[in-house]
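Residue 69 in the UniProt record's numbering is what sits at position 69 of the sequence shown, and the numbering runs on without skipping anything.
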Amino acid sequence: MQLQALNAFSDNYIWCATGEDGSALVVDPGQARPVLEAASAGLRPSAILLTHHHNDHVGGVAELLQRWPDLRVFAPDDARITTTTDVVGDGARISAAGFELEVIAVPGHTSSHVAYFHDAPEGGSLFSGDTLFSLGCGRLFEGSPLQMHQSLSRLAVLPASTRLYCGHEYTLSNAAFARVVEPENAALARRTQEAKHMRDNARPTLPTTLESELACNPFLRCGQPAVKAAVAARLGRAPLDEVEVFAELRRWKDGFSE
1 MQLQALNAFS DNYIWCATGE DGSALVVDPG QARPVLEAAS AGLRPSAILL THHHNDHVGG
61 VAELLQRWPD LRVFAPDDAR ITTTTDVVGD GARISAAGFE LEVIAVPGHT SSHVAYFHDA
121 PEGGSLFSGD TLFSLGCGRL FEGSPLQMHQ SLSRLAVLPA STRLYCGHEY TLSNAAFARV
181 VEPENAALAR RTQEAKHMRD NARPTLPTTL ESELACNPFL RCGQPAVKAA VAARLGRAPL
241 DEVEVFAELR RWKDGFSE
């Protein structure tokens, strides 16, 4: 699987995965222009994967279908997505552009959000949309803390070598918050410096690995003593469980400014 990141809007990534036959999956094309420009350089889209209904992830699909009317569009069951050709749900296995992918329901950011996982001996690939970011997670627009914590927990048990391809370049802003939560986390400090170097050189901070996220991302570390202690200090008492840890982290992050 050869991956290419196309920049869209101010901080979105459209991921394009090209297989051995040269055909490509296009993930969350919020804009058509970057895909059309890549096609002029040789990209051959054969299918689109949509993770959720937000316009910055689906807004370019209609124009792409005008160019390639036979494209299959895989998307969750949501009436707000009007370009779907293949509705997918939790546990579905799909085949497109020579790849086999598993659909994982991950409600929280939106009620119908899904992720797509491609397993491979050399390491899998996870297209997580706006559910799991490097060093962060999506806001809860439609779901509950319990739902999002459960969704992240499902992703956390994928193989540690899994490469994470999420929908936005948020790593450095997420790092600023994560380091307030866990200022003594050495792995987080290393990841922050790595991400700064990448951005200073105009490179994406993605993909990262699930192994790295489990060591650094506070939203995947709700059971860790340091994270629980940081939340306890804000609550003025010990949190009841990991869901409350997650809920307070998310509230904290929503109001956080560097």
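The beta carbon of each residue, even a glycine, is placed where N, CA and C say it ideally should be.
Practice task
Indicate the three-state DSSP secondary structure (helix, strand or coil) for Asp86 in the structure shown.
Solution key: strand
Exercise for the section: Write down every uninterrupted run of the beta strand (DSSP E) in the UniProt domain "Metallo-beta-lactamase" (11 to 168) whose length is 3 residues or greater and which is fully enclosed by it, in chain order. Expected result: 12 to 18, 23 to 27, 44 to 49, 72 to 76, 86 to 88, 93 to 96, 99 to 105, 114 to 118, 125 to 129, 163 to 166
Exercise for the section: Could you check the C-alpha separation between Gln4 and Ala17 for me, to the nearest Å? Expected result: 7 Å
Problem - With 16 other Cβ atoms within 10 Å as the buried cut-off, status of Gly136 - result: buried
Exercise for the section: Select from Ala75, Gly236, Arg80 the residue whose C-alpha is nearest the C-alpha of Arg93. Expected result: Ala75
Handout entry: Where the alpha helix (DSSP H) containing Asn174 begins and where it ends
Key = 171 to 181
Practice task
Could you check what DSSP says for Thr208 in three-state terms: helix, strand or coil?
Solution key: strand
Exercise for the section: Let me know if Pro207 comes out buried or exposed under the rule of 16 or more other beta-carbons within 10 Å of its beta-carbon. Expected result: Classification of Pro207: buried, given that the 10 Å Cβ count is 16 or more.
Problem - Sheet register partners of Ala5 (DSSP bridge) - result: Trp15
Exercise for the section: Flag this pair as touching only if the region 128 to 145 and the region 41 to 56 have three or more C-beta atom pairs under 8 Å; answer yes or no. Expected result: Yes: at least three Cβ pairs fall under 8 Å.
Exercise for the section: Counting only the same chain and skipping the five closest in sequence on each side, list residues whose C-beta sits under 7 Å from that of Tyr116. Expected result: Leu49, Leu101, Val103, Phe127
Problem - Thr205 to Ala195 span [Cα, whole Å] - result: 5 Å
Exercise for the section: Give the secondary structure of Arg221 by DSSP, where H, G and I count as helix, E and B as strand, and everything else as coil. Expected result: coil
Exercise for the section: Give a yes or no on whether the C-beta atoms belonging to Gly223 and Glu244 are separated by under 7 Å. Expected result: no
Practice task
Tell me whether Gly89 is buried or exposed, calling it buried when 16 or more other Cβ atoms sit within 10 Å of its Cβ.
Solution key: exposed
Exercise for the section: Can you tell me which of the three DSSP states Arg234 falls into? Expected result: helix
Handout entry: Cα-Cα separation between Phe177 and Lys253, rounded to whole angstroms
Key = 7 Å
Handout entry: Close Cβ partners of Leu249 (< 8 Å) along its chain, the five nearest in sequence each way excluded
Key = Val181, Pro218, Phe219, Cys222, Val227, Val231
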